[in-house]
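Every position in the sequence shown, counted from 1, becomes a number in my numbering once 77 is added.
All C-beta atoms in this analysis are idealised placements derived from N, C-alpha and C, irrespective of residue type, glycine included.
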Amino acid sequence: MWLKPEEVLLKNALKLWVTEKTHKYFVLQRRRGYGEGGGGLTGLLVGTLDTVFDSTSKVAPYRILHQTPESQVYWSIACGASSEEINKHWEWLEHNVMAILPVFDSNEDITSFVQGKIRGLIAEESQSASIKEEDDPEKFREALLKFDKWFGLPEQEKLVTYYSCNYWSGRVPCQGWLYLSTNFLSFYSFFLGKEVKIIISWDEISKLEKTMSVILSESIHIHSRGEDYYFSMFVHFNETFLLMEQLADYAVKRLFDKEAFETDASLNDPLQITRRGLENRARNEYFTALFRLPREESLDDILDCFLWIPFCHAHAFGKMFISDHYICFSSQDGSHCNVIIPLREVIGMDTPDSSGKHISFSTRCKITFRFTEIKDSDGLVKKLEGKLKCSASAQGSLGNEEELCPKNSQEDNAFFGHDGLPPSFAGDQSSALLKESSKTVNTEALMRVFHPQDAENLDSKMLKEKMKVQSWNIHFVEYGHGVCMFRTKKTRDLVMRGIPEALRGELWLLFSGANNDMASHPGYYTELVERSMGTCSLATDEIERDLHRSLPEHPAFQSDTGISALRRVLTAYASRNPKIGYCQAMNILTSVLLLYAKEEEAFWLLVAVCERMLPDYFNRRIIGALVDQAVFEEFIRSHLPQLTEHMTDMTFFSSVSLSWFLTIFISVLPIESAVNVVDCFFYDGIKAILQLGLAVLDYNMDKLLLCKDDAEAVTILNKFFDNVTNKDSPLPRMAHHPPVGSNNQEPQTKVDITELIAESYEKYGDIQSMEVESMRRRNRLYVIQTLEDTTRQNVLRVVSQEVMFSPKELEDLFELFKKEHFLSCYWIPHSPALKHHDSSLPYLEQYQIDRKQYCTLFKHLSPWSHSANADLLALWSFRLLDENADCLISFKEFSCVLDVMYNGSFTDKLKLLFKLHIPPAFTEDESTIPAASKQPEPFDESVIQGSNKGKVDIQAYLKQWHEELTRKEESIRNLPRINQSQFVQFSKTLYNLFHGDPNEEALFRAITTVTGLLLRMEEVGRMLNSPNFPSPNKQGTIQDCQSRDSIQENQALNVSEDNAQGRQAEIEWTFAFEQILASLLNEPVLVSFFEKHVNIRAKIEQAKSVQLRAKRQSNAID
């Protein structure tokens, strides 16, 4: 590697370096302790210094210096990790520099020329993105060199960043360097001759957390594959931990959770991930989560400033966030004030004074925002002017769309004074809905249609409801109305008391951010409905099945109006997001949304919940819900330790709380109480659900501590939920079907939902949203690894019944199988191997490998891999196993063929070899073509994609199971006969297998004898079956065959090949498997060879050590 020229005083380094090559102007040196000799004690000290310190002069074991005669000052210009690398640089200097230098008149000119030449080379190398984006390219290039030298990972492995730290081996710290790359966490230390090298795949980490102890003030704990690792003494501890979390989260999403990964385009190319990119991504995620903005919104800048708060008559200090389409503000002084200003709402921008530090924005909502003390406000004004012009042009192209800010309170009054809407749509409209969906989209919330309230009604509940509306109207006057309103602690207090029925849909849209999505995509929902209605898929079948199970007690869903609206919303979302499609619990949530929001609004609320607020909840494995349950368990341990001590099995909380998270308590609470929970959820997110869950357990603490089993605890909680009421709700109490296990034999105390929510905020309101997000990232690793462990255990349990490997051997084989799959995904953007893993399939089919991956494993693990035609054997065995011709095989198929090779009887091994030399494994034109020269077979992605669509075909699985049982009972008589060319190749394979065996000569003689015997038998059989008496030539052939007892290997094969070529016009001779088996059984040395026990343990250990290195070599060849 070329280095930026730096001065080196050679007299201070004579004891550390050994000169190997010299020139009048250059010298090549080797570091003591490297290369031959080791360097003794000096070498140990040098190695320790090279690891602990980060000096340019110690970056590599080889270097080239530029020298000027009669000077003690040298310039370092190149370094290398190996002799080959540094010699290439020396040769380049010989050809391009050394011959030119004598023409210069002075040493100063020579030095200037050399330095300019080297800097030019470095500039060319620095075009690499991985180096160009770093703050200090020179030091990063040094780190890249060390990273490559110490760990030997493939060149495509992208180093993201590196840190100096301590690794704790027991109670002894090892000072070294921690390297974070896209797929691995690596650590290297060398201290007084002791080398420590650690490589951990991100996808193998099940725990990543911050810890503190008496010895370690602050450290990072990593748990991977049963081992614990502790790292400490980081200069930037929080930054390091956040990057680790991001890289681990990226890896598990890419490899295990494709549904979440594929929705994130920024992660699709692992080669483009950088530290700066990850830092920007973290800031962007924080920004969009804080203000509930679309995930694709990109943050441009964050500025410190003051915002004038009119209702407080004071300035609030905080941060201004500038993105493509929004200006947002979050206070930092405890005033809990947040503001969101969409650029589409801005109608004017002004800088009122000459200082340029003040900016005012006028909005359509008739609110003026004044920001002061802004640094570089001139640059900000120019930037915002450009953004506002783009926003205005975009608005113009969209046409005159409806403003998001409410006009006045007339719409609210319409809820109380029914304005003539019919209670239901007459007639059966199901067919019309399919044909003219856009014309029948509901423009009113179902609650307005089925529960219109009389404005003249003066009962106590209606009076309370009107008081709530009045409180919100006062709040709107003071804090603003619409998307630009000031969101403060008072706003949260009003939400906690329950949003009025008339305002609920509007405020749900506002607090969830769904209004921004809807404003950005006018007409999108109508187009989706038109495109999706009438289609038939697995999702639509499941939707139809669940339509009448969605709030069946509510009159809105006892009519075609509500059912049709629910069908359209769910089908449209399944069309928008086919990765999710439809998941149970979505129907319950959507039903409640339709009660209070218009149909299009309900759709965008569903989008906000499924894609932002509850990510990964509604998919096949409900990973998001499981992650939040793990977070919930952590909070139970910290806030309710008594309950934790009593409930020895924490899985109880996971099982009982799953419906709480999936349906936001809608499925367990009466609907009039559940909507208050939904109010808090849309304002505070998952934090509100966690708080309420803790409050429910705390409220029932005494009863739960007396429970003797889980069933009793479930009964107590179900009774509690059935008795939660909403005393302020103006709606009639609907029939609530209590969960199984609840009954009303004993009178229960009624609990008001408003008081329960208030208690949850009072006791657990200190839970921070950012803390929850960090816990989510940490527990995602644990949840996904737990699911992977379950898959592994089920696969091993099934396969162990089919093979004779020990449990440990089988487990190691599975890890190698899985690792080979992942190694094919690490460095290839949009790798097709990623499609080979599908968690929705049965356990045995979740992980599959293609031909290239199988051939690599065959080379590492097969006892026949030493054969000269091992590549062909791997190809043929893959074809034999790939019975469904999808170019993929499962672990069961892989382990079964290995089991035959290692543990099968003589007959089983011979039968396998026989099958490898007949179709479909063997084809005639492959016997002489090396497998490496063949083009890979085209991969039919439709096979894989097709396996994910439609319902699981039980009949197909039963048929497959029956066929497997039939194959087990397969008789050797059912095997087809092998023809002459196949037999020739079969014989060659046997010769190749015997090569290198101690009894090689005896085995060659035996197989020659068997081959000759089989040829004579077939020749005699053909003559006996011939209508003519054998000719003298044939008789001579028989006699000649009888005298070949001592014939050598090549003669026998040549004779058989000549016979095959000379009789093409005649009927080909063939052999049955029984003939070959009987002939080979007559040779004890052959039987002993195949029945000899081969230990797979040595192969497994060797494969573990070389698997990663082999992938490096394979990638280099590719």
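Just how far apart, CA to CA, sit LEU1157 and LEU1080? If you take the alpha carbons of LEU1157 and LEU1080, they lie about 11 Å apart.
Hey, could you find the ends of the beta strand (DSSP E) ALA522 is sitting in? Segment: none, ALA522 is in no beta strand (DSSP E) and carries neither H nor E.
Threshold first: 4 residues or longer. Then list the alpha helix (DSSP H) segments lying entirely within the segment 556-609, N to C. Listed in chain order, they are 566-573, 581-589, 591-597, 601-609.
If contacts are defined as beta-carbon pairs under 8 Å, then VAL828 and LEU767 qualify, I think. What distance do you get, rounded to the angstrom? That pair is no contact at about 19 Å.
Measure from the alpha carbon of ARG853 to the alpha carbon of each residue in ALA325, TYR924, LEU93, then state which is nearest. Ranked by how close their Cα comes to the Cα of ARG853, the residues ALA325, TYR924, LEU93 have ALA325 in first place.
Taking LEU893 as the reference, which of TYR239, ARG644, GLU84, TYR924 has the closest Cα? When only C-alpha atoms are compared, the closest one is TYR924.
Contact between the segment 549-567 and the segment 635-653 is defined here as three or more beta-carbon pairs at a separation below 8 Å; is this criterion met? No, the segment 549-567 does not touch the segment 635-653.
Using the rule of at least 16 other Cβ atoms within 10 Å of the residue's Cβ for burial, across every protein chain shown, is ASN696 buried or exposed? Buried is the call here.
Our contact map puts LEU808 next to THR740 with C-beta atoms below 8 Å; I'd like the distance itself, whole angstroms only. Contact annotation, LEU808 with THR740: C-beta distance approximately 19 Å; criterion of less than 8 Å not satisfied.
Candidates ASP536, LYS804, LEU975: closest to PHE882 by CA position: The shortest C-alpha separation from PHE882 is found at LEU975.
Endpoints, the beta strand (DSSP E) within which MET690 is located: No beta strand (DSSP E) contains MET690, which DSSP labels as neither H nor E.
Cβ contact check for the segment 584-596 and the segment 628-643: 3 or more pairs under 8 Å: Short answer: they don't touch.
I'd like the span of the beta strand (DSSP E) that includes TRP152, first residue to last. Unbroken beta strand (DSSP E) run through TRP152: 150-157.
N- and C-terminal bounds of the alpha helix (DSSP H) containing GLN870: Membership of GLN870 in the alpha helix (DSSP H) is indicated by the continuous run 846-876.
What residues are listed by DSSP as bridge partners for ILE299? Answer is LEU285, TYR306.
According to the Cβ coordinates, are CYS1052 and LEU1154 closer than 8 Å? Note that residue 1052 is Leu in the sequence shown, not Cys. Between LEU1052 and LEU1154, the C-beta gap is not smaller than 8 Å, which leaves the two residues out of contact.
Can you grab the Cα-Cα spacing for the pair PHE1167 / PRO1075, in whole Å? If you draw a straight line from the Cα of PHE1167 to the Cα of PRO1075, it comes to about 14 Å.
Taking 8 Å as the cut-off, does the segment 671-691 touch the segment 594-611 (at least 3 CB pairs, one atom from each stretch)? The segment 594-611 vs the segment 671-691: in contact.
Do LYS287 and PHE318 have their beta-carbon atoms positioned less than 8 Å apart in this structure? With respect to LYS287, PHE318 sits close: the two C-beta atoms are nearer than 8 Å.
Roughly how many whole angstroms lie between the Cα atoms of ASN1069 and PHE1063? Between the alpha carbons of ASN1069 and PHE1063 lies a gap of roughly 10 Å.
What would DSSP say about ASN243, mapped onto helix, strand or coil? Strand.
Just to confirm before moving on: does the CB-CB distance between VAL872 and PHE899 stay below 8 Å? No.
Quick check on the DSSP output: the alpha helix (DSSP H) that includes ARG109 runs from which residue to which? DSSP places ARG109 in no alpha helix (DSSP H); its state is neither H nor E.
What does the Cβ neighbour count give for ALA616, buried or exposed, with the cut at 16 atoms within 10 Å? Buried: at least 16 other Cβ atoms inside 10 Å.
Identity of the residue in VAL1162, THR445, PRO82 nearest GLU215 by Cα: The candidate whose alpha carbon is nearest that of GLU215 is PRO82.
Once DSSP output is grouped into helix, strand and coil, what is the label at PRO632? Helix, per DSSP.
Within this structure, are the beta carbons of ILE424 and THR449 separated by less than 8 Å? Not a contact, by the Cβ cut-off of 8 Å.
Have a look at LEU142, ILE713, ILE1177, ASP756 and flag the residue whose alpha-carbon is nearest the alpha-carbon of ALA586. Rather than Ala, the amino acid found at residue 586 in this sequence is Leu. For the residues LEU142, ILE713, ILE1177, ASP756, the minimum Cα distance to LEU586 belongs to ASP756.
What are the partner residues of THR440, as DSSP defines its beta bridges? For THR440, which the question treats as bridged, DSSP gives the partners VAL423.
Using only alpha-carbon positions, find the residue among TRP167, PRO138, ASN184 that is nearest to GLU219. Out of TRP167, PRO138, ASN184, PRO138 has the C-alpha closest to the C-alpha of GLU219.
Which of helix, strand or coil DSSP assigns to GLY1089: For GLY1089, the three-state secondary structure derived from DSSP is helix.
Out of curiosity, what's the CA-to-CA distance linking PHE398 and ARG1186? In a straight line, the C-alpha of PHE398 is about 46 Å away from that of ARG1186.
Could you tell me how far apart the beta carbons of ALA674 and GLY559 are, in whole angstroms, since I believe they sit closer than 8 Å? With 8 Å as the limit, ALA674 and GLY559 do not qualify as a contact, their Cβ atoms being about 16 Å apart.
Apart from the five residues just before and just after PRO577, which ones in its own chain have a Cβ nearer than 7 Å to its Cβ? These residues qualify, in order along the chain: GLU542, LYS545, VAL546, TRP549.
When you compare each of PRO884, ASN1172, LYS895 to GLU939 by their alpha carbons, which one comes out closest? It should be pointed out that residue 939 corresponds to Ser in this sequence rather than to Glu. Of PRO884, ASN1172, LYS895, the residue nearest in Cα terms is ASN1172.
Which term fits TRP826, buried or exposed, when burial requires 16 or more other beta carbons within 10 angstroms of its beta carbon? As written in the sequence, residue 826 is Thr, which differs from the Trp given in the question. THR826 should be labelled exposed.
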